[in-house]
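Asks: Everything in the sequence shown is counted per our numbering, starting at 36 for the first residue and increasing by one. The beta carbon of each residue, even a glycine, is placed where N, CA and C say it ideally should be. Small disclaimer: the values here were computed from a predicted structure and weren't measured. To start, I am sharing the structure in question, which I have written as structure tokens.
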Amino acid sequence: MIFEQAFLDSLIQAVETSRKYRDLQIPQATLMDILAYESQHSNSRKELEANFRKSLHNVMAPYLEEINYPAETAALKELHDQDPSQGTLKAWCQDRMRLHASSRERLPYLDAFYQKIFAVTGTPGSILDLACALDPLGLPWMNLPPTTSFFAYDIHQPRLAFLQTFFQLFYPQAQAIHQDILTDIPAQKVDCAFFFKEAHRLEKRRPGSNRELFAGLNVRWLVVSLPSRDLAGHHSLETYHTSLVKRSIEGLPWHLTTDMVGDELIFFIQKHD
Ligand SMILES: C[S@@+](CC[C@H](N)C(=O)[O-])C[C@H]1O[C@@H](n2cnc3c(N)ncnc32)[C@H](O)[C@@H]1O
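This is how it looks when you write it as structure tokens:
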């Protein structure tokens, strides 16, 4: 159904000023993209409003965790002033990664996770971390040389401001970028892109979006991870998530290998030599 522009604008404005979302500064491109998709699948204003909110909640809300980013940013500066050892820095990062479901689940196998990835891709000279959340706090476990550039993308501005401070203080070769990776697919040519634990949600936002994203990235290796079980740990998602990745690259001349670390399925997609 076609809706009046003024009505669509009012829905976007309502989100941008809402208590739930106003501090997150979700890019307008994200809101417009979700709204455009939901407009095609709604038969009334009321239905569109409900579908828009539901889809946005699905993209953002599972991660509206209780992290006070300005306070954590100040704590980072204090930590830096103490000239911490690598062990102290790791302990600090672990405590913060525990506050977000995706990185919390990875804590028991952090070393093995990045080791396994780089054993396949080699040590990359450049990395994109797409829809990164707190994964960049894993940098102390990645053992990358200071020459490896690292670009972390997310749509949650307070989280990115925190990460940018972390980078400036401890990993000056890294950069935090506030950008929707689907509406504005990162264009840099890099060795390796991480896309961890988000492909299933992106596909829900707009079916076919992973295929679009994977095709648009100018990377040699695309490393996608997905949980092998549901959050409660009751059901295997292995077949479902494997078919999502296979469908996204079907008919394309890329090479796929799979592996698993802990409860995380890893898909190595090699786009070219
Ligand atoms: C499940 S978490 C990602 C977990 C992280 N990759 C990891 O494995 O530790 C989802 C994150 O993706 C971000 N996000 C969702 N959709 C996005 C998009 N289209 N572009 C950029 N970031 C996105 C959210 O703000 C949130 O921080």
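Pull up the CB-CB distance for residue 276 and residue 300, whole angstroms please, since I reckon it's below 8 Å.
Replies: 6 Å
Asks: Using the three-state DSSP reduction, which class does residue 196 fall into: helix, strand or coil?
Replies: helix
Asks: Looking at ligand 1, does it come within less than 8 Å of residue 167, judged from the CB to the closest heavy atom?
Replies: yes
Asks: Quick check: the Cα distance between residue 192 and residue 206, rounded to an integer number of angstroms?
Replies: 19 Å
Asks: At the level of alpha carbons, what is the spacing between residue 58 and residue 183?
Replies: 32 Å
Asks: Have a look at the DSSP bridge pairing and note the partners of residue 175.
Replies: Answer by DSSP bridge pairing: none, since residue 175 is not bridged.
Asks: May I have the straight-line CA-CA distance separating residue 152 from residue 240, to the nearest angstrom?
Replies: Distance between the alpha carbons of residue 152 and residue 240: 27 Å.
Asks: Starting from residue 210 and walking both ways along the beta strand (DSSP E), at which residues does that stretch end?
Replies: Element bounds for residue 210: 209 to 213.
Asks: Take the Cβ of residue 133 as the centre, count every other Cβ of all protein chains shown within 10 Å, and call the residue buried at 16 or more, exposed below.
Replies: exposed
Asks: DSSP on residue 295, reduced to helix/strand/coil?
Replies: strand
Asks: Compare the Cα-Cα distances from residue 173 to each of 150, 155 and 217 and report the closest residue.
Replies: Ranking the options by Cα distance to residue 173, first place goes to 150.
Asks: Rounded to whole angstroms, what's the CA-CA distance from residue 120 to residue 130? Just pull it up for me.
Replies: 16 Å
Asks: First and last residue of the beta strand (DSSP E) that includes residue 46?
Replies: Note, residue 46: premise wrong, no beta strand (DSSP E); alpha helix (DSSP H) at 40 to 51.
Asks: Relative to the C-alpha of residue 261, which candidate in 244, 294 and 243 has its C-alpha closest?
Replies: 294
Asks: What is the rounded straight-line gap between the Cα of residue 237 and the Cα of residue 199?
Replies: Those two C-alpha atoms are separated by around 24 Å.
Asks: Going by beta-carbon coordinates alone, are residue 138 and residue 170 separated by less than 9 Å?
Replies: yes
Asks: Taking its Cβ as the centre, do 16 or more other Cβ atoms sit within 10 Å of residue 79, making it buried, or is it exposed?
Replies: exposed
Asks: Which same chain residues, not among the five before or five after residue 263, have their C-beta less than 7 Å away from its C-beta?
Replies: 271, 272, 273, 295, 298, 299 and 300
Asks: Between residue 194 and residue 226, is the Cβ-Cβ spacing less than 9 Å?
Replies: no
Asks: Helix, strand or coil for residue 62? Go by DSSP, reduced to three states.
Replies: coil
Asks: Are the Cβ atoms of residue 87 and residue 69 separated by less than 9 Å?
Replies: yes
Asks: I believe residue 73 touches residue 45 by the beta-carbon criterion, under 8 Å. Please report the beta-carbon distance rounded to the nearest angstrom.
Replies: Rounded, the Cβ-Cβ distance is 15 Å, inconsistent with contact.
Asks: What do you reckon, is the C-beta of residue 236 under 8 Å from a heavy atom of ligand 1?
Replies: Short note on residue 236: C-beta closer than 8 Å to some heavy atom of ligand 1.
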